[in-house]
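Residue numbers (this note's numbering), protein chains in the order written: chain A, 1 to 114; chain B, 1001 to 1110. These notes concern the structure reproduced below.
Following this line, the structure appears as structure tokens:
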């Protein structure tokens, strides 16, 4: 069965550069969530989208933006990267149609800012 | 503002001991309560999705209960093993909005 696909798996950037992370949800899933997990830290919710509209916003810095496209894939754009942005970024998808729909997570993108 | 709280934030348990932790959520507009296990450097994995008051679900040594009237869910782990070390996240689905708690980080000491 198709799973949530994230790309790239690993990304190395320098300070002040920009990065774009991509998430391709499971087919027919209309909701996407983004999470950030720093080294040794708890996962932090960043932002979520439902039917291409932002549905919830967490601790996402102003330097970051995200969107969900017409094919339901989502991109997280990160600008003016800082050392503290080094983390594992997870994307998850679900179907909003059912209240008991669990989230399926991708394998994550490991971002290293040097 | 929907507030989902998990306690404790972190927990150290001796291998073989049983443990439990709590997720508190609003008692109104309840749709579902999710539990996820998130091991370091791995993808989070769904454990349970619970929808009915009084629900009890079990998966191996892990079980969960749900009280929607008072707004809490307990996750129990029986006979903890090193592989149980992870962050356990609960998520409250209320009015079509999924809100995650900050997680309980569980460490099993051999």
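Glycine included, each C-beta is placed from N, C-alpha and C at the ideal position.
Q) In the segment 1003–1043 of chain B, which residue ranges form an unbroken beta strand (DSSP E) of at least 3 residues, counting only runs that do not cross its ends? A) 1005–1007, 1010–1014, 1019–1024, 1030–1038
Q: Would you grab the beta carbon distance between residue 92 of chain A and residue 77 of chain A for me? Rounded to a whole angstrom, and I think it's under 8 Å.
A: For the purposes of this step, residue 92 of chain A is taken as residue 92 along the first chain, with counting starting at 1. For the purposes of this step, residue 77 of chain A is taken as residue 77 along the first chain, with counting starting at 1. About 18 Å; that fails the 8 Å criterion.
Q. Quick one: which chain B residues come within Cβ less than 9 Å of residue 106 of chain A?
A. If you number the first chain from 1, residue 106 of chain A lands on position 106. Result: 1043.
Q: Using beta-carbon positions only, say whether residue 1086 of chain B and residue 1101 of chain B come within less than 9 Å of one another.
A: Along the second chain, one-based indexing puts residue 1086 of chain B at 86. Along the second chain, one-based indexing puts residue 1101 of chain B at 101. Cβ distance not < 9 Å, so residue 1086 of chain B and residue 1101 of chain B don't count as in contact.
Q: Indicate whether the contact test is met: 3 or more Cβ pairs, each with one atom in the segment 1–11 of chain A and one in the segment 23–34 of chain A, closer than 8 Å.
A: yes
**Q.** Rounded straight-line distance, which links the Cα of residue 18 of chain A to that of residue 1105 of chain B
**A.** Counting from 1 along the second chain, the entry for residue 1105 of chain B is found at position 105. Counting from 1 along the first chain, the entry for residue 18 of chain A is found at position 18. Each residue's alpha carbon lies about 32 Å from the other.
Q: Compute the beta-carbon to beta-carbon distance between residue 1047 of chain B and residue 1035 of chain B, rounded to the nearest angstrom, for a pair I have assumed lies under 8 Å.
A: Along the second chain, read from residue 1 onward, the residue named residue 1047 of chain B stands at position 47. Along the second chain, read from residue 1 onward, the residue named residue 1035 of chain B stands at position 35. About 4 Å separates the two Cβ atoms, so the contact holds.
**Q.** Top-ranked residue by Cα proximity to residue 86 of chain A, from A:7, A:39, A:108
**A.** Taking the first residue of the first chain as position 1, residue 86 of chain A is located at position 86. Looking at the Cα atoms, A:39 is the closest of the given residues.
(Q) Could you tell me the alpha carbon to alpha carbon distance between residue 1074 of chain B and residue 1044 of chain B, rounded to whole angstroms? (A) The residue you call residue 1074 of chain B lines up with position 74 of the second chain. The residue you call residue 1044 of chain B lines up with position 44 of the second chain. Spanning the two alpha carbons is a distance of roughly 19 Å.
Q. List, in order along the chain, the chain A residues whose C-beta lies closer than 8 Å to that of residue 1019 of chain B?
A. Position 19 of the second chain, counted from the start, is the residue given in the question as residue 1019 of chain B. Result: empty, since nearest Cβ-Cβ is about 18 Å, beyond 8 Å.
Q. Which partner residues of residue 1053 of chain B appear in the DSSP bridge assignment?
A. Along the second chain, one-based indexing puts residue 1053 of chain B at 53. In DSSP, residue 1053 of chain B forms no bridge with anything.
(Q) On the criterion of 16 or more Cβ atoms from any shown chain inside 10 Å, does residue 1093 of chain B qualify as buried, or is it exposed? (A) For this step, residue 1093 of chain B is matched to residue 93 along the second chain. So residue 1093 of chain B counts as buried.
(Q) Does residue 56 of chain A come out as helix, strand or coil in the three-state DSSP assignment? (A) The residue given as residue 56 of chain A occupies position 56 in the first chain. Residue 56 of chain A falls in the strand class under three-state DSSP.
**Q.** Strand pairing of residue 1109 of chain B, partner residues [DSSP]
**A.** Taking the first residue of the second chain as position 1, residue 1109 of chain B is located at position 109. The partner list for residue 1109 of chain B (beta bridge, DSSP) reads B:1014.
Q. So what does DSSP say about residue 1045 of chain B, is it helix, strand or coil?
A. By one-based count along the second chain, residue 1045 of chain B stands at place 45. Three-state result, residue 1045 of chain B: strand.
**Q.** Beta-carbon spacing of residue 1071 of chain B, residue 1089 of chain B below 9 Å
**A.** Taking the second chain and counting its residues from 1, one reaches residue 1071 of chain B at position 71. Taking the second chain and counting its residues from 1, one reaches residue 1089 of chain B at position 89. Result no, Cβ atoms of residue 1071 of chain B and residue 1089 of chain B do not sit closer than 9 Å.
Q) Is residue 1071 of chain B helix, strand or coil when you go by DSSP? A) Position 71 of the second chain, counted from the start, is the residue given in the question as residue 1071 of chain B. Residue 1071 of chain B falls in the coil class under three-state DSSP.
Q. Residues in its own chain within less than 8 Å of residue 13 of chain A by CB, not counting five upstream and five downstream?
A. Looking up residue 13 of chain A in the first chain gives position 13. Correct list, in chain order: 19, 81, 111, 112, 113, 114.
Q.
Our contact map puts residue 33 of chain A next to residue 96 of chain A with C-beta atoms below 8 Å; I'd like the distance itself, whole angstroms only.
A. The residue given as residue 33 of chain A occupies position 33 in the first chain. The residue given as residue 96 of chain A occupies position 96 in the first chain. Not really, about 11 Å apart at Cβ, beyond 8 Å.
Q: Evaluate residue 102 of chain A with the Cβ neighbour count: other Cβ atoms within 10 Å of its Cβ, from every protein chain shown; 16 or more gives buried, anything less gives exposed.
A: On the first chain, residue 102 of chain A is found 102 positions in, with the first residue counted as 1. It counts as buried.
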